[in-house]
Ligand code: NI
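In our numbering, the protein residues as written are -8 to 132.
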């Protein structure tokens, strides 16, 4: 038997089933994602959001969004100009790498994101981060 596996897998994601409804009920912080699963080198994160995030861009990765509850908007600065997409509950959308974006949810929403482990919530470049936005690579549940 090899002992190579004696090094524990470093992961803050639980290797147990996670009920998203219960997970969402376990924290109140806004714009502060919790990691609910890890898939290869990607995190599945959930967040409660309300109001505006901050303009930012992820230079090296796309960012996937699934709206679990409420309505999320994402403002986008694309080469053709600025636009905003509206994502009702159950919608999915992927922000392409390198595109400046700013999620916002005037009435609040619960969202799920799928992105490489270590991806910062405010990207690689961003406007000044307001106090209500958590700069993080995701917290444990
Ligand atoms: Ni982003």
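Every residue, glycine too, gets a C-beta built ideally from N, C-alpha and C.
By alpha-carbon positions, which one of the options ends up nearest to residue i?
i           : options              : result
residue 43  : 23, 52, 59 and 128   : 23
residue 52  : 10, 95, 115 and 77   : 115
residue 28  : 124, 122 and 106     : 106
residue 70  : 63, 87, 55 and 81    : 87
residue 84  : 90, 6 and 55         : 55
residue 18  : 37, 32 and 46        : 37
residue 64  : 92, 111 and 72       : 92
residue 57  : 113, 110, 39 and 126 : 39
residue 133 : 123, 79 and 67       : The requested residue 133 does not occur in the structure, where the chain is confined to residues -8 to 132.
residue 211 : 45, 132, 7 and 66    : Nothing about residue 211 can be reported from this structure: the residues present for the chain run from -8 to 132 only.
residue 72  : 90, 8, 50 and 82     : 90
residue 103 : 75, 6 and 26         : 26
residue 101 : 30, 82 and 76        : 82
residue 6   : 21, 20, 68 and 30    : 30
DSSP has residue i in a bridge; who is on the other side?
i          : result
residue 10 : Looking at the DSSP assignment, residue 10 forms no beta bridge with any residue, so it has no partner.
residue 60 : 101
residue 66 : 75 and 93
residue 34 : 29 and 106
Quick check on the burial criterion: 16 or more other C-beta atoms within 10 angstroms. Buried or exposed for residue i?
i           : result
residue 98  : exposed
residue 129 : buried
residue 12  : exposed
residue 118 : exposed
residue -5  : A caution first: residue -5 carries a pLDDT of 48, below 50, which makes its placement in the model too unreliable to give a value.
residue 112 : buried
residue 34  : buried
residue 110 : buried
residue 96  : buried
residue 121 : exposed
residue 8   : exposed
Scan the region 81 to 106 and note each continuous alpha helix (DSSP H) run of 4 residues or more that stays entirely inside, going in chain order. Entirely contained in the region 81 to 106, not one alpha helix (DSSP H) run reaches 4 residues.
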